[in-house]
Amino acid sequence: MNQRIQLASIDDQRNAEARETVRRRISWPANLTPANVTYHSRGHALLIGTEADVYPAARALQGRGLASLTLLVTESDANSPGNDTVDPLGSSEPLVTQTLTQGQLSQLRINGYLGAFNVNVQLDDEDAPLDIARALIERDGFDLILDLAPTSHTLRWELPPPGYVVLQWQDVEQRSDILDDFVGLVGEFDKPRYFQVNSDLCAHSTSGNIGCTRCLDVCPADAISSIQGRIESHIEIDPFLCQGVGSCTSACPTGAIEFRLPETRRQQDTLSAWLAAYREAGGQVPVLRFITHDSQDAERAAGVVPAGHIIDAPLEELGAAGHDQWLTALAAGAAEVRIQLHPDMPARLSTFLTDQVAQVHALLDALGHDCARVTLIEVADHAARDALPALTPLTEAPLSLPEPEKRARLNRVLARLAELGSPSDERVAMPVGAAYGAIQVDRDACTLCHACVSNCPTPALKSGGKTPALSFLEADCVQCGLCEQACPEDAITLMPGFLASEARETRHICHEEAAFECINCGKPFATVSTVATIKEKLANHPYFAGEAMIRLEMCEDCRVKDVWKTMIRDPDAQLKV
């Protein structure tokens, strides 16, 4: 289970040959014809910053194919050079300058993306914000923005959208390359549509209640929004802002958001196939390393060759593989999983990966495995990257994941790890927000109205069919809280935590009652407690006054018949209500 490796028995050359065999036999999945979104940029540029930075940048951009230059400059300090200006008459393209105070700069609001930036500022003497593009160049927006302000961009975006370029003018080494890239952002550009959303699986909202918000919390590009409808809210991903970080698809517990480059299921299947092929080729103690394409290309350019037992899984961004895929690798025979960090990672992505590692460590510990099997590798830590794993693989048996649903595949992986370990048979605490847990039902308060069942986005809650009952399967519960909010009797309480026991995979009855049978025809139509509650709440209702109260003990058909019989005997009875 957690057997230590005999280092002398590891042949690195043999492992490297096995890894090469895997690469030749099984390629990493790729979507060769992804859906695209198209940006249209006509070259109307906005520059933001101090006079000392904006003016020389404007001079460097003149005559390089931009349609217009608009300069938003902050008020100069006493120490700013007074002669560092641009002569509009000497420009080869329209050039407009607008001075902002530091207070106005802080009120600058920018939304959009390449070809469609909307820029507004709240002026001191105006009620409505000023549309900068409409006021200065008589257009609906700017196509691209060069932000030279020292700190302002960090207040607007954690991960700037396409077309929003940040430049520290004093950085002479990168200045030329960044300006070249900036003037190249004119024309039409295609970008993959990284995700697809299946609203039927989404646990975000139902019946006007808000449940899961995990995708909203982890997107560093702010591309995901909760759109309020007439009753319910729904999740939308702006494909123009989305930059394929992938943390939303890994955070989504139901699979409602699916990464398309490649699909999550194909990634999992390929990981299992790679490990099986590696073993067949004679490889030992495989370590799966999740790494971005850019980091992998940088290593190759530098001539870096990882140790033979390291098998790289290349990703668009590290967020595209979460703890479900890391556990898949261990369940399929990887000795360890390592996640290769890279420079300039968005803060929310770093936080997300740290949280995922905390979750996987809690799960491994609950299932009786060593937490050291999953680690984050810091930038340029070559020793940690190439280190031999301290433990042997958990298994050499192949892993099959035939289920199409994300949660079902994860449950199969967890079941495999439980078989290979020694589960604690206890409920263990998980990081806040983890999609593991149960519910507690107050049997005295529950009336089996099944509002919770109709609001549950997964098969976790089910009615009893012909028997009035409520059943629960913990393995399918994602702790969205929609059932708790939907319950009119406040009878449901969430119980976060991972149950490391076979009981997690067993559906059990939370509450059941005897059926109340219609006093006329004998058909069961409700529970005893439901009828009693309704009679109590409608005791003073004029429609059920007197003998009419017994209608509440009738099924829907007999109740209507009784009303008509009463109207036949006394046609004026309906006027007395």
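Numbering (my numbering) for the sequence shown: 1351 to 1927.
In this text, a Cβ means the ideal position worked out from N, Cα and C, and glycines have one as well.
Given the structure is predicted, the values throughout are model-derived calculations rather than measurements.
Hey, would you say residue i sits closer than 7 Å to residue j, going by beta carbons?
{"i": "A1716", "j": "F1848", "result": "yes"}
{"i": "E1863", "j": "V1878", "result": "yes"}
{"i": "A1810", "j": "S1557", "result": "no"}
{"i": "T1420", "j": "V1446", "result": "yes"}
{"i": "H1692", "j": "P1664", "result": "no"}
{"i": "L1714", "j": "G1669", "result": "no"}
{"i": "A1553", "j": "T1604", "result": "yes"}
{"i": "L1751", "j": "R1766", "result": "no"}
{"i": "P1570", "j": "P1696", "result": "yes"}
{"i": "S1391", "j": "V1536", "result": "yes"}
{"i": "F1539", "j": "Y1405", "result": "no"}
{"i": "G1462", "j": "Y1544", "result": "no"}
{"i": "P1921", "j": "A1865", "result": "no"}
{"i": "A1671", "j": "P1781", "result": "no"}
{"i": "A1684", "j": "P1748", "result": "no"}
{"i": "V1724", "j": "V1687", "result": "yes"}
{"i": "G1658", "j": "A1841", "result": "no"}
{"i": "C1860", "j": "L1820", "result": "yes"}
{"i": "S1774", "j": "A1850", "result": "yes"}
{"i": "P1384", "j": "T1620", "result": "no"}
{"i": "F1640", "j": "I1577", "result": "no"}
Please report the straight-line C-alpha distance between residue i and residue j, rounded to a whole angstrom.
{"i": "F1875", "j": "E1897", "result": "20 Å"}
{"i": "Y1786", "j": "S1622", "result": "24 Å"}
{"i": "A1795", "j": "T1883", "result": "10 Å"}
{"i": "I1398", "j": "L1496", "result": "6 Å"}
{"i": "V1655", "j": "R1735", "result": "11 Å"}
{"i": "F1609", "j": "T1451", "result": "43 Å"}
{"i": "D1403", "j": "L1416", "result": "19 Å"}
{"i": "E1586", "j": "E1667", "result": "21 Å"}
{"i": "R1909", "j": "L1902", "result": "8 Å"}
{"i": "R1375", "j": "A1626", "result": "11 Å"}
{"i": "Q1412", "j": "L1473", "result": "29 Å"}
{"i": "R1369", "j": "A1652", "result": "20 Å"}
{"i": "A1395", "j": "P1542", "result": "24 Å"}
{"i": "L1551", "j": "P1807", "result": "6 Å"}
{"i": "A1316", "j": "L1744", "result": "No answer is possible for residue 1316: the residues shown for the chain start at 1351 and end at 1927."}
{"i": "L1422", "j": "Q1546", "result": "38 Å"}
{"i": "G1815", "j": "H1800", "result": "11 Å"}
{"i": "D1481", "j": "D1572", "result": "22 Å"}
{"i": "T1704", "j": "Q1646", "result": "21 Å"}
{"i": "F1702", "j": "A1784", "result": "12 Å"}
{"i": "S1804", "j": "S1549", "result": "15 Å"}
Whole-angstrom Cβ separation of residue i and residue j, contact assumed at under 8 Å?
{"i": "I1661", "j": "L1638", "result": "6 Å"}
{"i": "S1583", "j": "S1555", "result": "4 Å"}
{"i": "C1830", "j": "C1562", "result": "4 Å"}
{"i": "Q1457", "j": "L1486", "result": "Rounded, the Cβ-Cβ distance is 17 Å, inconsistent with contact."}
{"i": "L1738", "j": "I1360", "result": "6 Å"}
{"i": "G1513", "j": "G1465", "result": "7 Å"}
Which of the three DSSP states is assigned to residue i in this structure?
{"i": "S1391", "result": "strand"}
{"i": "Q1520", "result": "coil"}
{"i": "S1583", "result": "strand"}
{"i": "C1860", "result": "strand"}
{"i": "A1801", "result": "helix"}
{"i": "I1900", "result": "helix"}
{"i": "G1399", "result": "strand"}
{"i": "S1597", "result": "helix"}
{"i": "D1362", "result": "helix"}
{"i": "Y1463", "result": "strand"}
{"i": "G1432", "result": "Low per-residue confidence applies at G1432: pLDDT is 40, beneath 50, and the placement is therefore not dependable, though the value from the model is reported in the following sentence. Reduced to three states, the DSSP call for G1432 is coil."}
{"i": "D1920", "result": "coil"}
{"i": "A1850", "result": "coil"}
{"i": "R1543", "result": "coil"}
{"i": "F1609", "result": "strand"}
{"i": "R1639", "result": "strand"}
{"i": "Q1578", "result": "strand"}
{"i": "S1645", "result": "helix"}
{"i": "D1912", "result": "helix"}
{"i": "S1557", "result": "coil"}
{"i": "A1417", "result": "coil"}
{"i": "D1662", "result": "strand"}
{"i": "V1469", "result": "strand"}
At a cut-off of 6 Å, is residue i close to the ligand NAD when judged by its beta-carbon and the heavy atoms of the ligand?
{"i": "A1836", "result": "The ligand NAD is absent from the structure shown, which contains no ligand whatsoever."}
Against chain D, does residue i count as a neighbour if the rule is that its beta carbon must be under 7 Å from one of theirs?
{"i": "A1768", "result": "Checking the listed chains, one finds no chain D in this structure; it contains a single protein chain."}
For the stretch 1476-1515, which segments carrying the beta strand (DSSP E) assignment without a break, of at least 3 residues, lie completely within its bounds, in sequence order? Segments of the beta strand (DSSP E) lying fully in the stretch 1476-1515: 1494-1497.
Threshold first: 4 residues or longer. Then list the alpha helix (DSSP H) segments lying entirely within the stretch 1747-1793, N to C. Within the stretch 1747-1793, the complete alpha helix (DSSP H) segments of 4 residues or longer fall at 1756-1770, listed in chain order.
Any beta strand (DSSP E) of 3 or more consecutive residues that is wholly inside the stretch 1801-1830: The stretch 1801-1830 contains these whole beta strand (DSSP E) runs: 1811-1813, 1819-1822.
Whole runs of the beta strand (DSSP E) within the stretch 1860-1895, excluding any shorter than 3 residues: If only complete runs of 3 or more residues are kept, the stretch 1860-1895 shows the beta strand (DSSP E) at 1865-1867, 1874-1877, in order along the chain.
Whole runs of the beta strand (DSSP E) within the stretch 1681-1748, excluding any shorter than 3 residues: For the beta strand (DSSP E) assignment, the uninterrupted runs of no fewer than 3 residues enclosed by the stretch 1681-1748 are, from N- to C-terminal side, 1686-1690, 1724-1727.
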